[in-house]
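Asks:
Numbering (the numbering used here), first residue to last: 15 to 275.
Next comes the structure, spelled out in structure tokens:
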């Protein structure tokens, strides 16, 4: 197992990519801290991780609030004694056309998708610096670079801004933290079949949102399909493992070739 006995924290791990990442880290031997804001989701994923034979604890915390993040990190360290891997996955993407977007809607998306990564990274750094090792993986999105190309993406200006910021944060943090043997990388997925994406598809089918003239999957070279959460999770495991020991400040795009167009 590539991550035997390493301790990993995954934010937004209650469902979707976060859930699958927590499970895949566990399959590779990691001890997992499952973070989310919904206790029922936390409990379910902790149960799945334990069923896979790995150790896990759940910590409910709002990662947009630095005080709650600090409490969560302290609890994780008390339980496991160290933190080797942080996966900044928490994210939301409500659709709000820019002409109608309210300030609080902008602030919420930037807080969940970008500020949370700062809060969590800042909180784990004392532990990782003391250990002289650490691995931080940020979940970005192709929307951070190609917003407007994917049909149906209109209304995600706040989300695109946050995800583009995640790439900048990744590169700058990698440069600063390299001397402490802390690596920082990103995974940049295309659209994956998560519960949130499935809900959007239902909106199209029900007529709540206008059906796009061109389907997203028509523009994906590999098999004309959506991605799967496990495919993103495996990229996270690669970046978290020693297989990528000389890689930092980079982003692995997992989009079936969508951005090659």
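Just so it is clear, CB atoms sit at the ideal spot from N, CA and C, and this is done for glycine as well. Given the structure is predicted, the values throughout are model-derived calculations rather than measurements.
How many whole angstroms separate the CB atoms of residue 235 and residue 270, which I take to be in contact at a CB cut-off of 8 angstroms?
Replies: What you label residue 235 is simply residue 221 of the chain shown in a count that begins at 1. What you label residue 270 is simply residue 256 of the chain shown in a count that begins at 1. Between residue 270 and residue 235 the Cβ distance is about 6 angstroms, and since that is below 8 angstroms, they are a contact.
Asks: My parser needs the beta strand (DSSP E) runs of 3 or more residues fully inside the stretch 172 to 214; what are they?
Replies: 196 to 203
Asks: Starting from the Cα of residue 177, find the closest Cα among 128, 60 and 31 and give me that residue.
Replies: Position 163 of the chain shown, counting from 1, holds the residue named residue 177. Selected option, being the one with the closest Cα: 128.
Asks: Just grab the DSSP bridge partners of residue 50 for me.
Replies: As a working mapping, residue 50 is identified with position 36 in the chain shown. Beta bridge pairing from DSSP links residue 50 with 74.
Asks: Roughly how many whole angstroms lie between the Cα atoms of residue 193 and residue 179?
Replies: Sequence index remark: in the chain shown, residue 193 carries index 179 (1-based). Sequence index remark: in the chain shown, residue 179 carries index 165 (1-based). So the alpha carbons of these two residues sit roughly 23 angstroms apart.
Asks: How would you label residue 52, buried or exposed, when you count the other beta carbons within 10 angstroms and need 16 or more for buried?
Replies: Sequence index remark: in the chain shown, residue 52 carries index 38 (1-based). Residue 52 sits exposed, since fewer than 16 C-beta atoms from the chains shown fall within 10 Å of its C-beta.
Asks: Within its chain, find whatever has a CB closer than 6 angstroms to the CB of residue 137; leave out the 5 residues flanking it on each side and keep chain order.
Replies: The count along the chain shown starts at 1 and reaches residue 137 at position 123. Cβ neighbours of residue 137 beyond the five flanking positions: 83, 84 and 87.
Asks: As a quick exercise: from 131, 38 and 36, pick the residue whose alpha carbon is nearest that of residue 183.
Replies: Working through the chain shown from its first residue, we reach residue 183 at position 169. Checked all of 131, 38 and 36; the closest Cα to residue 183 is 131.
Asks: Along the chain, where does the alpha helix (DSSP H) containing residue 124 start, and where does it finish?
Replies: The residue you call residue 124 lines up with position 110 of the chain shown. Here the alpha helix (DSSP H) through residue 124 covers 117 to 124.
Asks: Just the Cα atoms here: how many angstroms apart are residue 233 and residue 107?
Replies: Within the chain shown, the letter at position 219 stands for residue 233. Within the chain shown, the letter at position 93 stands for residue 107. Approximately 21 angstroms, taken between the alpha carbons.
Asks: How would you call residue 238, buried or exposed, if buried means at least 16 neighbouring beta carbons within 10 angstroms?
Replies: For the purposes of this step, residue 238 is taken as the residue at position 224 of the chain shown. That one is exposed.
Asks: Going by other Cβ atoms of all chains shown within 10 Å of its Cβ, with 16 needed for buried, is residue 172 buried or exposed?
Replies: Here residue 172 refers to the residue found at position 158 when the chain shown is read from its first residue. So residue 172 counts as buried.
Asks: Output the distance between the C-alpha atoms of residue 50 and residue 103, rounded to the nearest integer angstrom.
Replies: Residue mapping note: residue 50 aligns to position 36 of the chain shown, counting from 1. Residue mapping note: residue 103 aligns to position 89 of the chain shown, counting from 1. Rounded to the nearest angstrom, the two C-alpha atoms are 10 angstroms apart.
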